[in-house]
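Sequential numbering of the sequence shown, starting at 1, is according to the UniProt record's numbering. Cβ coordinates follow ideal geometry from the N, Cα and C atoms, glycine included.
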Amino acid sequence: SLGIISEQTMKDLKAFLGFRHFIRHAYSFEINPRTIEAVLDITPALVRRFIEEVRAGNENDLDSIDEKEPDI
1 SLGIISEQTM KDLKAFLGFR HFIRHAYSFE INPRTIEAVL DITPALVRRF
51 IEEVRAGNEN DLDSIDEKEP DI
């Protein structure tokens, strides 16, 4: 992955956003409570993973800046 977050995290976030879009536009009789529970179950871990990857990416970016020779 060339970005700050992994391909898996990106995939999971896209699925989460797709679910959000569906819920926002679905009528209440179409919403399956088990689907909502499944999303709620994975959300804390997904958020933690996202935050960890962003923090790690930012640390790597700062390390690479420190390693470069200053432009004079």
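The beta carbons of Ile-5 and Glu-59 sit no closer together than 8 Å. In the three-state reduction of the DSSP assignment, Ile-23 falls in the helix class, which pools H, G and I.
Ala-38 and Arg-48 have their alpha carbons spaced roughly 17 Å apart. In the three-state scheme derived from DSSP, where H, G and I count as helix and E and B as strand, Ile-31 is classed as coil. Within the same chain, and ignoring the five residues on either side of Leu-46 in sequence, the residues whose Cβ sits closer than 6 Å to its Cβ are Asp-12.
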